[in-house]
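Quick note, the sequence shown lines up with residues 1353 to 1641 if you use the numbering used here.
Backbone N, C-alpha and C define an ideal beta-carbon position, used for all residues, glycine too.
A quick note: this is a predicted structure, and the numbers were derived from the prediction, not measured.
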Amino acid sequence: MKKNIGSMHATRDILAAEGFRIKKHLGQNFLVDLNFLDKIVAAAGITSATDVIEIGPGLGALTEKLLAKARRVLAYEIDAELLPILRENLPDRERFVLLHKDILDADIDHDIETHLPGANEVIVVANLPYYITTPILMRFLETSHRIQKIVIMVQAEVAQRIASKPDSKDYNALSVVINYRARTRILFGVPRTVFVPKPNVDSAVVELLVGDPPFGKPKDEPGFFALVHHCFAQRRKTLMNNLRQAYPAWSRAEIENLLTECQLNLDVRAEALDIPAFVRLADAVGRKA
Ligand code: SAM
C-alpha cells in the first residue's frame, strides 16, 4: 500500500505515475492535507461498529482513513479511470466495497442491504463533488431511511444555506427537506489552499443528524417532498401562483380555500413557511387530490 496517499506530494506522485488527468467537470478537487483528513474522520465519530458510505473516493485519501476506523466502507465513484488506482491503493477488499456508479442513480437502501449486510449504524462521510451537492443531499434525505448521520465537505456558501432557517434569503426547497429530516451544524471551515487543483471557493464541513422530525410526519412523505419542490419552483412567485402551476386542474378559488384552511395568507411566499406549515399544507393537498 502506498504511504500517506492524502499528502500533497503523494497525490502529485500518484497523478503523475498514473498519467491521470483531473476532470474538473466531475468536481475533482483532491484534499491533500492530512490534518484536515484526520479532522473530518474524527468529527464523524466513527467506531468499529460504523459502516460508512463515501461518495467520490477519488484517489482514496479519505477512504484510507475511514477504513482505519470503520467496520466497512461502501464507496461510489463515477470515474472509471480512478477504479484501478483505488484498488491498488486500498487492497482491503473485504471491508471495502467500490461501486462504479453515479450516486444520483443509486438505490441507496438497496445497496446497503446488498453490500453491507447486517449493518446497524450507517453514516455518510464525503468530500462532495460540488456540482451536484443539492441533488446528492436530496437523494439521501428523500429516499434513504438507513442513514443516521451525514458529515460532508461542501462549499462554504452552501454550508450556510444548509444551516439556514425560514424567512432568510437562503431558505429554499433543500433547506425544508434538510430541516424536516435532520438537525444541522457547521463543524469547521476548510481553506481552498488544501486541495489539488485549488478550487475558486472555500469549503466547510457540515454535520446532519438524521432522524424523525420532532413534530408530526406528513401522511404521505413522498407527496410532502413533491409539494415542497412545487412550492419553490419559481422563487419570486407567491405560493398561490406556484400551486396554480403545479395543480392546473384546480381553480383559483379551490387553492384559496386550501391556503385559508391551512391558515396561510393568500399572498404568502414559500420561504415564509416553517416545516410544520409545509406538513399541514401537504396533508391538505393530499386530502384534496
Ligand atoms: N474523496 C476524494 C478527496 O477527498 O480527495 C475526492 C473528492 S472530489 C471533491 C469528488 C469525487 O467525486 C471525485 O472522485 C469524482 O470523480 C467523484 N464524482 C463526481 N461525480 C460523481 C457522481 N455523480 N457519482 C459518484 N462519484 C462522483
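Set against 7 Å, the gap from the CB of residue 1430 to the closest heavy atom of the ligand SAM is smaller. Within the region 1525-1554, the complete alpha helix (DSSP H) segments of 4 residues or longer fall at 1525-1533, listed in chain order. In the structure shown, the three-state DSSP call for residue 1432 is helix. Distance from residue 1551 to residue 1387 at the Cβ level is roughly 18 Å; contact not present, criterion being Cβ atoms closer than 8 Å. As computed with DSSP, residue 1479 is found in a beta bridge with 1505. Rounded to whole angstroms, residue 1370 and residue 1545 show a C-alpha spacing of 23 Å.
DSSP links residue 1403 through a beta bridge to 1424, 1474.
For the region 1552-1607, the continuous beta strand (DSSP E) assignments of 3+ residues that do not extend past its boundaries occur at 1555-1562, in sequence order. Taken in chain order, the complete alpha helix (DSSP H) segments of 4 or more residues contained in the region 1368-1402 are 1386-1396.
Judged by beta-carbon spacing, residue 1629 lies beyond the 8 Å limit of residue 1584, meaning their Cβ atoms are not closer than that value. In terms of side-chain proximity, the C-beta atom of residue 1507 is found no nearer than 7 Å to any non-hydrogen atom of the ligand SAM.
At a threshold of 7 Å, residue 1541 does not count as near the ligand SAM, since its beta carbon sits no closer than that to any of the ligand's heavy atoms. With at least 16 other beta carbons inside 10 angstroms of its own, residue 1406 counts as buried. Residue 1400 has its alpha-carbon roughly 10 Å from the corresponding atom of residue 1473. Per DSSP, the continuous alpha helix (DSSP H) segment holding residue 1637 begins and ends at 1627-1640. Counting the other CB atoms within 10 Å of its CB gives residue 1618 a total below 16, which places it among the exposed residues. Remark: the shortest separation between the CB of residue 1454 and any heavy atom of the ligand SAM falls under 7 Å.
Bounds of the alpha helix (DSSP H) holding residue 1462 are 1460-1467. By the beta-carbon neighbour count (other beta carbons within 10 angstroms, threshold 16), residue 1509 is exposed.
Counting only the Cα atoms, residue 1373 lies some 44 Å from residue 1565.
Placement of the Cβ of residue 1407 at a distance of less than 7 Å from at least one heavy atom of the ligand SAM is found.
The closest heavy atom of the ligand SAM lies 7 Å or more from the beta carbon of residue 1436.
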